[in-house]
Ligand code: SF4
Ligand code: SF4
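Residue numbers (this note's numbering), protein chains in the order written: chain A, 17 to 403; chain B, 47 to 301.
See the structure below:
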């Protein structure tokens with residue numbers, strides 16, 4: 017049974033990669049216009065809405081858990097640390113990969129380093145993402161050093177961890193919220209159900225909630241795939257934080273509609289209204305469920321809640337970046353199959369890389385993370401089989 | 047500062063401005079000389095028709111050359127810039143192709159070369175070279191009726207006000223571009239309500255870049271306060287742990 021399932025997934029992933037490869041060739045030989053459904057009236061599509069906005073948000077668990085363990089000294093969360101840092105690191109690498117498809121002239125991505133425009137939100141996002149990816153690479157690196165048995169490097173890393181984590185928290189707060197600020201400039205284009213001066217705050221809060229959901233989600237997945245999961249008691253606490261963050265977020269979200277005097281619009285019969293309710297229901301239902309104690313002590317239930325929150329988060333980002341702009345653009349946009357293929361390829365690459373990392377690095381390993389260890393950590397495949 | 051005044055009452059829809067713009071910017075000319083319904087990567091200005099009360103009117107669309115351009119403020123690499131002389135110009139050598147300018151422009155002006163492998167953003171540059179030489183803009187020079195005239199913005203505003211005052215029954219009492227999005231260097235006078243034209247209505251009188259600047263300007267504070275806060279939290283929790291560890295050691299010593 018397991019063999020059949022493995023085989024199935026291999027076929028699916030291979031098909032996705034094949035389609036992605038084809039789309040890549042088209043993108044770089046026939047231009048953005050040849051591969052995407054983007055146009056002058058709809059210049060940002062799936063690659064910005066999903067790959068960038070969702071990718072960065074889903075990786076938000078990284079800074080939140082790092083801060084919990086290193087800055088708040090809540091040691092019991094340490095077992096979650098490594099898988100979350102790993103996800104975040106992979107997530108950011110993949111976001112950058114996606115940008116290489118989306119930018120019209122990707123080979124000039126370094127221009128943001130030399131030609132400055134500090135008044136641009138995009139400029140700020142570019143710098144934060146770049147710096148934070150470097151921070152994540154460093155935070156992730158101990159798993160490598162310990163694997164390679166480089167004790168001196170491990171010691172240096174231990175010394176700089178705390179400032180590094182602090183830097184990571186600040187950078188993340190800035191760019192998680194700035195992704196929302198990107199849309200502050202389109203007050204006449206973005207639908208009033210989503211345009212708000214509070215967009216940066218909404219993006220920040222929802223990124224924390226989804227970061228927590230991802231911790232639960234990954235733990236559930238790895239329980240199935242590798243038989244390595246996190247303790248239920250820990251996951252329950254993570255779910256609690258998630259529910260509280262969502263409650264604050266949803267309260268503010270609706271209060272904001274009242275403040276802006278557009279609350280009546282949530283009852284008008286428009287496609288946007290349906291999407292608005294879908295998005296918020298996907299967030300409100302798991303929030304309510306997580307507040308009920310019974311569900312919280314059921315791993316399957318927790319996993320289900322996490323999936324809902326992730327779905328609600330994706331709906332929100334796609335609503336802000338795609339659905340909420342359709343009406344004013346006057347031209348409908350739906351991604352081409354090639355845009356979808358590239359996106360799926362990137363997601364699949366994330367799963368494959370995570371899988372490899374779990375197999376060869378000590379990702380899910382309880383206790384003693386900071387100890388300077390030499391040699392093959394318990395529970396990982398010996399390096400020889402990797403080389 | 048150079049500006050254009052477009053008086054829709056005078057426009058006969060001949061297309062001289064479209065042709066002159068193509069020549070000035072070396073854009074391809076279709077055999078029949080026609081133009082598309084919207085500006086595109088090869089047509090920086092086009093003529094549009096509007097109907098009202100049984101009459102037909104012609105008006106142009108082109109980059110508005112905002113006084114505080116949204117496109118300039120959003121471009122991460124500073125590829126778009128408002129020059130002191132008025133034009134909002136594009137520096138192809140900087141552009142990374144993020145297309146934030148297309149997304150953000152309140153007048154939906156910038157266009158992209160979607161099928162090119164070295165795509166550029168395309169839009170009217172207010173004849174930057176001509177302006178530098180003190181010559182009139184190509185479109186204004188070509189216009190046979192004076193529907194488009196070039197001049198200093200202040201002068202053109204005076205002209206526009208004078209025209210409205212002289213013939214109030216002929217004009218809507220509004221100069222589009224005087225305040226829209228913080229003011230623009232392209233001004234419109236219209237005989238019919240502006241909502242009947244395809245110009246965005248309801249734009250705020252403040253420059254749009256203020257919307258983001260209000261948030262961005264808080265960042266230095268956020269970084270400073272956030273950094274101090276984090277350091278404080280770390281110190282307290284760390285201290286607590288040290289105390290706990292010391293107490294535990296104390297206990298062990300006592301028999
Ligand atoms: S109309 Fe648009 S492209 Fe032209 S200057 Fe203003 S913001 Fe820039
Ligand atoms: S597409 Fe080019 S000009 Fe437009 S904002 Fe991006 S980098 Fe600037």
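From the three backbone atoms N, C-alpha and C, an ideal C-beta is built for every residue, glycine too.
Source: prediction; values computed, not measured.
I need the straight-line Cα distance from residue i to residue j, nearest angstrom please.
| i | j | result |
| --- | --- | --- |
| residue 273 of chain B | residue 264 of chain B | 14 angstroms |
| residue 91 of chain A | residue 254 of chain B | 46 angstroms |
| residue 159 of chain B | residue 194 of chain B | 28 angstroms |
| residue 130 of chain B | residue 231 of chain B | 12 angstroms |
| residue 121 of chain A | residue 43 of chain A | 12 angstroms |
| residue 382 of chain A | residue 248 of chain A | With a pLDDT of 47 at residue 382 of chain A, under the threshold of 50, the predicted position of this residue should be treated as unreliable, though the coordinate-derived value follows. Each residue's Cα considered, the two are about 14 angstroms apart. |
| residue 92 of chain B | residue 111 of chain B | 16 angstroms |
| residue 113 of chain B | residue 132 of chain B | 8 angstroms |
| residue 66 of chain A | residue 124 of chain B | 26 angstroms |
| residue 159 of chain A | residue 86 of chain A | 17 angstroms |
| residue 101 of chain A | residue 95 of chain A | 11 angstroms |
| residue 123 of chain A | residue 89 of chain B | 28 angstroms |
| residue 248 of chain B | residue 234 of chain B | 15 angstroms |
| residue 131 of chain A | residue 343 of chain A | 34 angstroms |
| residue 218 of chain B | residue 209 of chain B | 11 angstroms |
| residue 229 of chain B | residue 359 of chain A | 41 angstroms |
Is the beta carbon of residue i less than 9 angstroms from the beta carbon of residue j?
| i | j | result |
| --- | --- | --- |
| residue 85 of chain B | residue 51 of chain B | no |
| residue 361 of chain A | residue 24 of chain A | no |
| residue 185 of chain B | residue 106 of chain B | yes |
| residue 257 of chain A | residue 224 of chain A | yes |
| residue 104 of chain A | residue 128 of chain A | no |
| residue 177 of chain B | residue 48 of chain B | yes |
| residue 333 of chain A | residue 119 of chain A | no |
| residue 315 of chain A | residue 251 of chain A | yes |
| residue 339 of chain A | residue 52 of chain A | no |
| residue 78 of chain A | residue 184 of chain A | yes |
| residue 317 of chain A | residue 298 of chain A | no |
| residue 289 of chain A | residue 278 of chain A | no |
| residue 157 of chain A | residue 169 of chain A | yes |
| residue 163 of chain B | residue 47 of chain A | yes |
| residue 194 of chain A | residue 137 of chain A | yes |
| residue 66 of chain B | residue 175 of chain B | no |
| residue 181 of chain A | residue 83 of chain A | yes |
| residue 256 of chain B | residue 224 of chain B | no |
Under the criterion of a Cβ to heavy atom distance below 8 angstroms, does residue i qualify as lining ligand 2?
| i | result |
| --- | --- |
| residue 132 of chain B | no |
| residue 137 of chain A | no |
| residue 120 of chain A | yes |
| residue 143 of chain B | yes |
| residue 126 of chain B | yes |
| residue 207 of chain B | no |
| residue 35 of chain B | A query on residue 35 of chain B cannot be resolved here, the shown segment of chain B reaching from 47 to 301 and no further. |
| residue 72 of chain A | no |
| residue 134 of chain A | no |
| residue 148 of chain B | yes |
| residue 57 of chain B | no |
| residue 167 of chain B | yes |
| residue 120 of chain B | yes |
| residue 123 of chain B | yes |
| residue 158 of chain B | yes |
| residue 117 of chain A | no |
| residue 199 of chain A | no |
| residue 46 of chain A | no |
| residue 349 of chain A | no |
| residue 48 of chain B | no |
| residue 93 of chain A | no |
Whose C-alpha, out of the options, is nearest the C-alpha of residue i?
| i | options | result |
| --- | --- | --- |
| residue 300 of chain A | A/269, A/340, A/133 | A/269 |
| residue 236 of chain A | A/175, A/307, A/319, A/186 | A/319 |
| residue 230 of chain A | A/330, A/51, A/148, A/345 | A/330 |
| residue 350 of chain A | A/156, A/56, A/61, A/358 | A/61 |
| residue 126 of chain B | B/102, B/155, B/103, B/104 | B/155 |
| residue 104 of chain B | B/164, B/226, B/236 | B/236 |
| residue 196 of chain A | A/58, A/317, A/324, A/336 | A/336 |
| residue 95 of chain B | B/89, B/88, B/82, B/87 | B/82 |
| residue 102 of chain B | B/204, B/57, B/76, B/63 | B/57 |
| residue 93 of chain A | A/207, A/246, A/134 | A/246 |
| residue 154 of chain A | A/176, A/74, A/164 | A/176 |
| residue 64 of chain A | A/356, A/37, A/376 | A/356 |
| residue 149 of chain A | A/367, A/214, A/72 | A/72 |
Discussion item. Tell me which residues pass a beta-carbon proximity test against ligand 1: closer than 6 angstroms to any heavy atom, given in chain order.
Written reply: B/109, B/110, B/111, B/112, B/115, B/116, B/117, B/134, B/151, B/153, B/155, B/156, B/169
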